[in-house]
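Data block below; observations after.
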Ligand SMILES: [Mn+2]
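In this note's numbering, the protein residues as written are 8 to 250.
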């Protein structure tokens, strides 16, 4: 069976929960979304030994970089703005290493929320440390309603991976206070909100599938078939890449 790895997040026990020593975690909705696509979900924990990360990557047929905290802006040559939120540089470090290996070994990659931002930064792009810093930004991208609520319109570019199964316009949830500023070289924008914020990207490389979405399809994929399709289609890409 096909195996898809999920990059884990990390919380420090001392800060978040005094009763614990800290933990590696992935939200269960990512796990269930992959399982519904008939691939085996595997959580890839935060470790630092490059040989161990290579070994983890060799087990999986695809990798999803999951959501989480802000990326350290020093990674994209910016000082921290006062609107920056929590950063976890050790997770950045681990995920950059994992993405480097995925790129070298041509393992298909899907980035979700922070995952999309991580891909953009790794390949040389930059981020708005807060969406309010983007010119002409007028749409709220940090929704107050629950996971099933669809917050704003997203227009999908023709001739993109997303367009092939979602069509031209969808409505998504939105839980991000940051977004892409300068797009990384070798990538194209594949979806935007009405205020021009970048909502999805994909690599233009023929031999490396790497795409990202700014919203959270895993949060409502149990009820919304369009969102589940993102995982189903990613699993297909991983299957094709294998053969
Ligand atoms: Mn949004």
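We put the CB at the ideal spot given by N, CA and C, even for glycine.
Distance between residue 130 and residue 230 (C-alpha atoms, nearest Å): Whole-angstrom Cα-Cα distance: 34 Å.
Closer than 5 Å to ligand 1: residues, by C-beta to nearest heavy atom, in chain order: 148 and 181
Top-ranked residue by Cα proximity to residue 110, from 53, 54, 233 and 193: 193
Sub-9 Å separation of residue 70 and residue 14 beta-carbons: In contact: residue 70 and residue 14 (Cβ atoms closer than 9 Å).
Beta-carbon proximity check, residue 17 vs residue 98, cutoff 9 Å: Yes.
Proximity of residue 138 and residue 185 at Cβ, strictly below 9 Å: yes
Residues sharing a beta bridge with residue 195, DSSP: 209
Beta-carbon proximity list for residue 149, same chain, < 6 Å, skipping 5 on both sides: Listed in chain order, the non-local C-beta contacts of residue 149 below 6 Å within the same chain comprise 184, local neighbours out to five positions each way being set aside.
Nonlocal neighbours in the same chain, by C-beta distance under 8 Å from residue 176, ignoring five residues either side: 160, 161, 162 and 163
Cα-Cα separation, residue 133 to residue 246: 31 Å
Three-state class that DSSP yields for residue 96 in the structure shown: helix
Check whether residue 125 and residue 237 have beta carbons under 9 Å apart: No; because the gap between Cβ atoms is not below 9 Å, this pair is not in contact.
Beta carbon of residue 36 nearer than 9 Å to that of residue 225: yes
Bridge partner(s) assigned by DSSP for residue 149: 182
Cα-Cα separation, residue 199 to residue 207: 7 Å
Continuous beta strand (DSSP E) assignments of at least 3 residues falling wholly in the stretch 39-105: 47-51 and 69-72
Bounding residues of the beta strand (DSSP E) (the contiguous stretch that carries residue 245): Residue 245: not part of any beta strand (DSSP E); member of the alpha helix (DSSP H) spanning 232-249, first to last residue.
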